[in-house]
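For the sequence shown, position 32 (counting from the first letter as 1) is numbered 32 according to this note's numbering, and the numbering increases by one without interruption. Where a beta carbon is used, it is the ideal one built from N, C-alpha and C, also for glycine.
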Amino acid sequence: MSVSAAEAELSTDEHAGLELVRETGGIHQSDFWKELDVSSRKGSRIVESLVEYELVDREETVYNGHNTYYITPTARDLDFTLLMAGDMLSPFIGEEEVDPNSDAFSQWIMNLAYEE
């Protein structure tokens, strides 16, 4: 099922939950239901549904001394096109500092300009 088809199946609460996860980039389940202003039980059901639709990932973690889950958007839900210029990956990705006068940076900027 595609992301858009899965989203069409969501209830209002599930859609709000998905938007919360996307906006935050990741949230602990113990905070998730509080932010949505629903019970922890209903929050758990919303997360289970989003996981079932493969719209979010859920990983066990400890937060504030309690066992909980960390919920993140699935990788396929992320838009990596902003990091690309043609077939070149942004020089801003990585550990090293980018030299704005470097050939690699100039070429990446030129590829962006020609895409427009």
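So, with DSSP's three-state summary, where would you put residue i?
| i | result |
| --- | --- |
| Val38 | coil |
| Tyr114 | helix |
Would you mind stating whether residue i and residue j have Cβ atoms separated by less than 8 Å?
| i | j | result |
| --- | --- | --- |
| Leu36 | Asp13 | yes |
| Tyr70 | His15 | no |
| Glu9 | Tyr63 | no |
Beta-carbon of residue i versus every beta-carbon of chain D: anything under 8 Å?
| i | result |
| --- | --- |
| Asp31 | Annotation note: the requested chain D is absent from the structure, which comprises a single protein chain. |
Considering residue i, what are the terminal residues of the beta strand (DSSP E) in which it resides?
| i | result |
| --- | --- |
| Glu19 | Premise fails: Glu19 lies in the alpha helix (DSSP H), 12-24, not in any beta strand (DSSP E). |
| Asp63 | The question names Asp, but residue 63 in the sequence shown is Tyr. That run of the beta strand (DSSP E) goes 56-63. |
| Pro73 | 66-73 |
My guess is that residue i and residue j are in contact by the Cβ rule of under 8 Å, so how many angstroms apart are they, rounded?
| i | j | result |
| --- | --- | --- |
| Val21 | Pro73 | 6 Å |
| Glu60 | Asn67 | 7 Å |
| Ala5 | Leu55 | 11 Å between Cβ atoms; not a contact. |
Count the other CB atoms within 10 Å of the CB of residue i; is the residue buried (16 or more) or exposed (fewer)?
| i | result |
| --- | --- |
| Gly17 | buried |
| Ile46 | buried |
| Gly43 | buried |
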